[in-house]
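A short write-up of the structure that comes next.
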Amino acid sequence: MTQLPRRKRPNPLFFCSAASAGDFPPPQGEEYAVFGRSNVGKSSFINHALERGGLARTSRTPGKTALANFFRVDETMVWVDLPGYGYARTSLSERDRWSKLIRDYCEGRENLMGIIWLIDIRHPGAGADLEARRWIGRLALPALPVLTKGDKVSRGQETAQGRKAVEALRLPEEPVIYSVRRHASRELFWKRFERWRGIHKGRRR
Ligand SMILES: Nc1nc2c(ncn2[C@@H]2O[C@H](COP(=O)(O)OP(=O)(O)O)[C@@H](O)[C@H]2O)c(=O)[nH]1
Ligand SMILES: [Mg+2]
Numbered sequence: 000m001t002q003l004p005r006r007k008r009p010n011p012l013f014f015c016s017a018a019s020a021g022d023f024p025p026p027q028g029e030e031y032a033v034f035g036r037s038n039v040g041k042s043s044f045i046n047h048a049l050e051r052g053g054l055a056r057t058s059r060t061p062g063k064t065a066l067a068n069f070f071r072v073d074e075t076m077v078w079v080d081l082p083g084y085g086y087a088r089t090s091l092s093e094r095d096r097w098s099k100l101i102r103d104y105c106e107g108r109e110n111l112m113g114i115i116w117l118i119d120i121r122h123p124g125a126g127a128d129l130e131a132r133r134w135i136g137r138l139a140l141p142a143l144p145v146l147t148k149g150d151k152v153s154r155g156q157e158t159a160q161g162r163k164a165v166e167a168l169r170l171p172e173e174p175v176i177y178s179v180r181r182h183a184s185r186e187l188f189w190k191r192f193e194r195w196r197g198i199h200k201g202r203r204r
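Each step along the sequence shown adds one to the number in numbering that gives the first Met the number 0, with nothing skipped, and position 71 is 70.
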């Protein structure tokens with residue numbers, strides 16, 4: 000197998016927050032959505048994977064990010080931190096606006112190449128994720144599953160939880176196990192991401 004070239008340290012840049020589709024920036028380069036339940040660790044993941052603490056705001060209070068936030072990762076790629084789904088305590092109208100934002104983005108964004116789908120390693124197959132699974136399936140977009148908070152289970156449980164996730168959510172591939180408390184996660188993630196990106200590139204919808 001050929002070795003992937005070593006990654007350059009990213010120099011990410013936050014450049015846009017959008018509350019609705021009218022605020023989306025003009026599409027440029029490939030876009031990847033970071034998607035998952037509220038509090039699953041999306042912002043922490045973005046900061047860790049892109050090696051920039053404080054880039055995406057992290058919060059102990061779930062359900063706060065009502066915006067789609069756009070980050071330029073490098074010359075070729077943008078990541079979009081989408082609002083989290085499945086947060087019960089927001090008002091219905093707020094929820095409607097969020098899901099409309101997610102829908103408008105995922106269904107209409109012409110340069111969206113795939114979804115980085117974050118799932119809590121402790122609860123694979125929770126209701127909101129099952130719903131998300133059906134929805135992602137209908138979108139016919141490639142999804143790279145990432146189990147977050149890997150440090151919350153023992154090493155032994157990691158494999159078991161991974162298997163559970165594959166079954167419960169009918170994952171298209173083995174999930175990447177991630178923890179922001181482990182340096183090694185970053186390297187593992189990027190290897191998997193670049194491979195996944197390479198496979199799906201050129202197979203635009
Ligand atoms: N132990 C542990 N906690 C994490 C990890 N990733 C995120 N968290 C915590 O989970 C909470 C929610 O994280 P956040 O990134 O704001 O989630 P978001 O709502 O999906 O953006 C915060 O308290 C984080 O510190 C992880 O890998 N390990
Ligand atoms: Mg967040």
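In this text, a Cβ means the ideal position worked out from N, Cα and C, and glycines have one as well.
Straight-line spacing of the CA atoms in G85 and G126 works out to 8 Å.
Distance from L66 to A18 at the Cβ level is roughly 6 Å; contact confirmed, criterion being Cβ atoms closer than 8 Å. An exposed status is given to F14, since fewer than 16 other beta-carbon atoms sit within 10 Å of its beta-carbon. With respect to the 7 Å criterion, V79 and R71 are not classified as neighbours on the basis of their beta carbons.
Residue environment: K148 is assigned as buried (16 or more neighbouring CB atoms within 10 Å of its CB, all protein chains considered).
For the pair L129 and A167, the Cα-to-Cα distance works out to about 8 Å.
For F14, there is no enclosing alpha helix (DSSP H); the residue is part of the beta strand (DSSP E) that begins and ends at L12 to A17. DSSP, read as helix, strand or coil, puts R6 in coil.
Non-local C-beta neighbours of P26 in its own chain, meaning closer than 8 Å and more than five positions away in sequence, comprise R108, E109 and N110, ordered along the chain. Taking the Cα positions, P171 is about 30 Å away from S16.
Taking 7 Å as the cut-off, the Cβ atoms of R121 and K163 do not count as close. Contact annotation: L117 and V39 have beta-carbon atoms nearer than 7 Å.
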